[in-house]
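*Asks:*
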Amino acid sequence: MSIDPIIQQLPKAYRSDIEQAEIAEALTSAINTFLTNINEFLDNYESLFLDPYTCQPEWYDIIAEWTGWGELWSSAWPDEAKRCLLINTNKIWSNRGNIVGFTTVINCFRLQAELRQATGWILAETAFTGTEPLLLVDPFAYTIRVPSNYIEGTVEYNLVQYTIDNFLPCWGEYTIQISGTSIT
808 MSIDPIIQQL
818 PKAYRSDIEQ
828 AEIAEALTSA
838 INTFLTNINE
848 FLDNYESLFL
858 DPYTCQPEWY
868 DIIAEWTGWG
878 ELWSSAWPDE
888 AKRCLLINTN
898 KIWSNRGNIV
908 GFTTVINCFR
918 LQAELRQATG
928 WILAETAFTG
938 TEPLLLVDPF
948 AYTIRVPSNY
958 IEGTVEYNLV
968 QYTIDNFLPC
978 WGEYTIQISG
988 TSIT
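With the sequence shown counted from 1, adding 807 to any position gets you our numbering.
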């Protein structure tokens with residue numbers, strides 16, 4: 808005879824002698840089994856449904872709504888990319904509009920794209936010698952270099968364009984440059 812949590816909550820009269828305890832166990836064992844299963848489910852609820860590291864892929868789209876992706880999210884994306892985006896949501900939102908956010912999204916999709924300055928400079932990236940006329944140069948023209956297989960209309964090209972449109976500043980001028988070599 809085992810003591811389950813429900814029996815522990817019954818008055819002492821049901822636990823004091825063996826006959827009463829057996830009756831109490833017989834009456835409460837089914838609900839105890841049910842409640843044990845429910846408790847295990849609730850204990851694992853976060854990892855089953857809310858944590859992008861451990862939840863099932865069916866939950867990615869729902870979690871994306873809860874974390875602010877809204878219209879930016881596509882249910883057609885690969886599960887691996889969705890998981891990465893959800894895991895990095897805080898980093899992406901806090902760095903949206905700069906090179907860190909752009910690079911994080913590009914890495915989640917496992918794309919090869921490199922943001923380079925076309926003219927001007929990139930904050931915290933460009934080294935200045937002190938002789939160039941910074942204020943006379945347009946600081947908002949950039950080139951995104953991609954491999955030669957990222958031709959217009961491909962999934963990869965469209966994802967790079969999506970990332971430019973949604974995760975880089977809207978006042979910048981961006982050109983996708985298709986190169987002959989792969990970017991590592």
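Ideal Cβ positions, reconstructed from N, Cα and C, are used throughout, including at glycine.
#1: By DSSP, does Ile923 sit in helix, in strand, or in coil?
#2: Span of the beta strand (DSSP E) holding Arg952?
#3: Pop quiz: Arg923 and Arg952 are said to be a contact at Cβ under 8 Å. What is the actual Cβ separation, rounded to whole angstroms?
#4: Whole angstroms are fine: how far does the CA of Gly979 sit from the CA of Trp876?
#5: Just the Cα atoms here: how many angstroms apart are Thr970 and Phe841?
#6: For the beta strand (DSSP E) that Thr982 lies in, which residues bound it at each end?
#7: Let me make sure I understand the geometry here. Which of Phe947, Asp868, Leu966 has the alpha-carbon closest to that of Asn914?
#8: For Thr896 and Ser955, I'd like the C-alpha separation in whole angstroms.
*Replies:* In terms of the structure at hand:
#1: It should be noted that the sequence gives Arg, not Ile, for residue 923. Arg923: strand per DSSP, three-state reduction.
#2: Judged by DSSP secondary structure, Arg952 falls within the beta strand (DSSP E) whose first and last residues are 948-953.
#3: Right, their Cβ atoms sit about 6 Å apart.
#4: Approximately 22 Å between the Cα atoms of the pair.
#5: Looking at the two C-alpha atoms, the distance is approximately 48 Å.
#6: In this chain, the beta strand (DSSP E) harbouring Thr982 covers 980-985.
#7: Measuring from the Cα of Asn914, the nearest candidate turns out to be Leu966.
#8: Cα to Cα, the separation comes out at about 30 Å.
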